[in-house]
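Note sheet for the following structure.
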Amino acid sequence: MGLRGGGCKGVVKRALMCQTDHGVSVSISRKWSAISICLLLLSLSLGITTQAMANDKGPLIAAAANVKLALDTIIADYHRDTGANIRVTYGSSGNFVAQIQHGAPYELMLSADEFYVNQLAALGFTQGEGHIYAIGRLALVVPHGSPLSLDAELNGLKLLLAKGELKRFAIANPKHAPYGERAVEVLTASGNWPRIQNKLILGENVSQALQFALSGSTQGGIVALSLVQHAEFKQHGRYIALPETWHKPLNQRMALIKHASIQAKDFYEYLLLPQTQQTFTEFGFTAAVTGER
């Protein structure tokens, strides 16, 4: 089903190689070199798998890649309010489950949906079932210069596919990234799946899918709405939110791991405060249902 990130390799002659944290290579022609520099800066701000405050003491949490912009802001607010530090690694929810099962020292997991936290809870790795902390949205992303039109019904995508003019399209890997799984649901609901499935470039997580979508090696992609709420994004592309009715809800659940410290528990509660929920909404999420607490 489509190409993984390494499928970009060798797309054009005299390529520049950009190496990600996961060893996935993306090839970009020299005419895109200026954009590549900008994308490097963008990837540093968005993160594929990054760790904040890595040299400081504090609980280590695992967080879905799509929450990076919001969570970095929230962690800074938490440090301002309490003086305490939080360390965080961003990645795909499915990969975090495997890491936690093999003893990774995370104290809190923020998933991109409910499935993976529920899986950990069923296996006895968490302190209860946790809470929904935000509800995610999807967006169609189109880089500047792409022939793909921007419309929420994905009719432009259907037209480009019918004309045989769509070459590559980026989503997160649906095998372990909830936003990739929901992107497949959207492509199916819009009637585009049969023609597009062999044209996909799969990011290791949704942040990497965004990087691919803007690289010039694809004509667009479906990513998290929360990742395009960034001032730099407008320099690289355009986006439009996609209908929530086309996919299962992205109820993003978090849970404390069994050995979580008191500080991790404090940060967990901080994420559910009204002012923190407001920060999530500012980055394109819907606030969690407060009645669940």
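When you read off a place in the sequence shown, starting at 1, and then add 12, the result is the number in our numbering.
Yeah, the Cβ is synthetic: ideal placement off N, Cα and C, and Gly gets one too.
Is residue i helix, strand or coil when you go by DSSP?
i      : result
ARG207 : helix
PRO155 : strand
THR291 : helix
THR94  : helix
ALA116 : coil
THR298 : strand
LEU83  : helix
GLY142 : coil
GLY148 : strand
GLY215 : strand
ALA88  : helix
ALA182 : strand
ALA164 : coil
LEU132 : helix
LEU239 : helix
Express the C-alpha separation of residue j and residue i in angstroms, rounding to a whole number.
i      : j      : result
LYS260 : ASP84  : 27 Å
LEU169 : LYS211 : 12 Å
GLY296 : LYS270 : 31 Å
ASN78  : LEU239 : 6 Å
PRO155 : ALA88  : 30 Å
GLN209 : ALA189 : 16 Å
ASN204 : THR257 : 16 Å
GLN247 : VAL153 : 13 Å
SER273 : LEU222 : 34 Å
PRO206 : SER105 : 27 Å
PHE245 : GLU165 : 22 Å
MET121 : ALA133 : 11 Å
GLU216 : GLN287 : 31 Å
THR298 : VAL235 : 16 Å
VAL100 : ASN130 : 21 Å
GLU294 : ALA243 : 13 Å
LYS1   : ALA174 : There is no way to answer for residue 1, as the model of the chain reaches only from 13 to 305.
THR200 : LEU262 : 17 Å
VAL36  : ALA75  : For VAL36, the pLDDT reaches just 34, beneath the cut-off of 50, and the residue's location in the model is therefore unreliable, although a value from the coordinates is still provided. Between VAL36 and ALA75, the C-alpha separation is close to 21 Å.
TYR102 : LEU162 : 29 Å
Pick from the options: whose alpha carbon is nearest that of residue i?
i      : options                           : result
TYR202 : SER227, LEU171, LYS179 and ASN217 : The residue you asked about is not Tyr; residue 202 is Ser in the sequence shown. Nearest of SER227, LEU171, LYS179 and ASN217 to SER202, Cα basis: LEU171.
ALA194 : LEU237, PHE295 and GLN223         : According to the sequence provided, residue 194 is Arg. The question's Ala does not apply to it. Comparing Cα-Cα distances from ARG194 to each of LEU237, PHE295 and GLN223, the minimum goes to LEU237.
GLU177 : ASN185, PRO159 and ASP163         : PRO159
GLY140 : LEU268, THR298 and ASN204         : LEU268
ARG180 : SER229, VAL218, GLN287 and ALA276 : SER229
TYR191 : GLY70, ILE98, GLU126 and TYR145   : GLU126
GLY306 : GLY103, GLN131 and ARG250         : Lying outside 13 to 305, the shown extent of the chain, residue 306 is not represented and no answer is given.
SER123 : VAL218, PRO286 and LEU162         : VAL218
ILE86  : VAL109, ARG207 and GLN289         : GLN289
LEU285 : ALA74, ASP93, ARG207 and LEU262   : ASP93
ALA96  : ALA74, ASP163, GLY70 and ALA82    : GLY70
PHE108 : GLN275, MET266, THR291 and LYS277 : MET266
GLN113 : SER227, TYR102, PHE137 and GLN220 : PHE137
With residue i as the anchor, note down where its alpha helix (DSSP H) starts and where it stops.
i      : result
LEU172 : 167-174
LEU199 : 190-201
PHE137 : That residue, PHE137, is in no alpha helix (DSSP H); it is neither H nor E in DSSP.
LEU178 : Unbroken run through LEU178: none, as it is neither H nor E.
LEU222 : 218-225
ALA124 : Careful: ALA124 lies outside any alpha helix (DSSP H) and carries neither H nor E.
ALA276 : 274-282
Could you tell me the boundaries of the beta strand (DSSP E) in which residue i lies?
i      : result
ASN263 : 262-268
TYR102 : 99-103
VAL235 : 233-236
ALA76  : 72-76
TYR251 : 249-253
Using a Cβ-Cβ cutoff of less than 6 Å, which residues in the same chain neighbour residue i once the five nearest sequence positions on both sides are dropped?
i      : result
ALA253 : ARG149, ALA151 and LEU237
PHE224 : ALA182, ILE213, GLY215 and THR230
I'd like the list of long-range same chain contacts for residue i, defined as Cβ closer than 8 Å, with 5 residues on each side in sequence excluded.
i      : result
GLU304 : The pLDDT assigned to GLU304 is 47, lower than 50, so where the model puts this residue is not dependable; a value taken from the coordinates is nonetheless given after this. So the list reads HIS143 and ILE144, once near-sequence residues are dropped.
GLU119 : PRO71, LEU72, ILE73, LEU268, ILE269, HIS271, ALA272, SER273 and ALA276
TYR90  : ALA96, ILE98, PHE279 and TYR282
Leaving out five residues on either side along the sequence, give the residues of the same chain with a beta carbon under 7 Å from the beta carbon of residue i.
i      : result
PHE292 : ALA82, ALA146 and ALA299
PRO255 : ALA164
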